[in-house]
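Down below is the structure, laid out as structure tokens.
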Amino acid sequence: MAKSHSNRTARAVLYLRVSSDEQTESIPAQRAELTKYAKSKGYKIVREYVDEAISGDATERRVAFLQMRDDCDSGKFDLILSWDQDRFGRFDPLDAGYWIYPFRQAGVRLETVAQGEIDWEDLTGHLIYSVNQLGQAQSLRDPSRNTTRGMLASAREGRAGTGGPNPYGYRSKDGEVTIVPQAANVVRLIR
């Protein structure tokens, strides 16, 4: 399983990820913080892996992550540094083991600025990691479910706010939908 590390300087790779194109400052900010963190720990950074504009739960599309996973068995690095556990991945807890297994087998560990060292080797570490992953996975599901619920409620109540433009002949103001009289005449003629 895990390799034993001698007293040599730990060789680290940086894993940097953002979910969308709008996060233009995030990669440089993550890099700066991780470089500072590595220096404070005495780690030698040997490579970076960067996934831009890819959600943490779309692991099969994260090319850099998959390359890092393939490279972990090369013996060229001992640990992965990531800003936060969710930057490393927002795995469904049932899938997490599949993605992490090669790292564990190669003796490569994960360390984050936000959570510190993630221990995949003992029960407590497994539990903490799993609970955090469950929270991350749930945080991806909740906003879309809440948005859909809100849009349906607005539509049922005849209020604006369903996410699209007003239908022809209607106007919305302060959440109230009203008929535009001139447009209503056109709609009657079309029928």
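For the sequence shown, the numbering used here gives the first residue as -17, with consecutive numbering after it. Glycine residues also receive a C-beta, built at the ideal position from the N, C-alpha and C atoms.
From the DSSP secondary-structure annotation, give me the bridge partner or partners of residue i.
| i | result |
| --- | --- |
| Val181 | Given a span of -17 to 173 for the chain in the structure shown, any question on residue 181 remains unanswerable. |
| Gly98 | Thr94 |
| Asp33 | Arg(-1) |
| Leu200 | Beyond the ends of the chain as shown, which are -17 and 173, falls residue 200; an answer cannot be given. |
Please classify residue i as buried or exposed, where buried requires at least 16 neighbouring CB atoms within 10 angstroms.
| i | result |
| --- | --- |
| Leu76 | exposed |
| Arg91 | buried |
| Leu172 | According to the sequence provided, residue 172 is Ile. The question's Leu does not apply to it. By the 10 Å Cβ count, Ile172 comes out exposed. |
| Tyr25 | buried |
| Asp156 | exposed |
| Ile161 | exposed |
| Ala78 | buried |
| Gln12 | buried |
| Asp104 | exposed |
| Val45 | exposed |
| Glu99 | exposed |
| Arg153 | exposed |
Note the first and the last residue of the continuous beta strand (DSSP E) segment covering residue i.
| i | result |
| --- | --- |
| Gly24 | Gly24 -> no beta strand (DSSP E), and no H or E assigned at all. |
| Ala(-6) | Arg(-7) to Arg(-1) |
By the DSSP assignment, the alpha helix (DSSP H) with residue i in it spans what residues?
| i | result |
| --- | --- |
| Ile82 | Pro75 to Ala88 |
| Arg51 | Val45 to Asp53 |
I believe residue i touches residue j by the beta-carbon criterion, under 8 Å. Please report the beta-carbon distance rounded to the nearest angstrom.
| i | j | result |
| --- | --- | --- |
| Glu15 | Val95 | 6 Å |
| Thr41 | Phe73 | 7 Å |
| Ser1 | Ala35 | 7 Å |
| Val28 | Phe47 | Rounded, the Cβ-Cβ distance is 17 Å, inconsistent with contact. |
| Tyr31 | Gln5 | That belief does not hold up - the Cβ atoms of Tyr31 and Gln5 are roughly 17 Å apart, past 8 Å. |
Below 8 Å, can you find three or more Cβ-Cβ pairs linking the segment 78 to 93 to the segment 42 to 57?
In short, these stretches touch, since the Cβ pair count reaches three.
Does the pairing of the segment -13 to 5 with the segment 13 to 28 give three or more beta-carbon distances under 8 Å?
Enough Cβ pairs lie closer than 8 Å, so yes.
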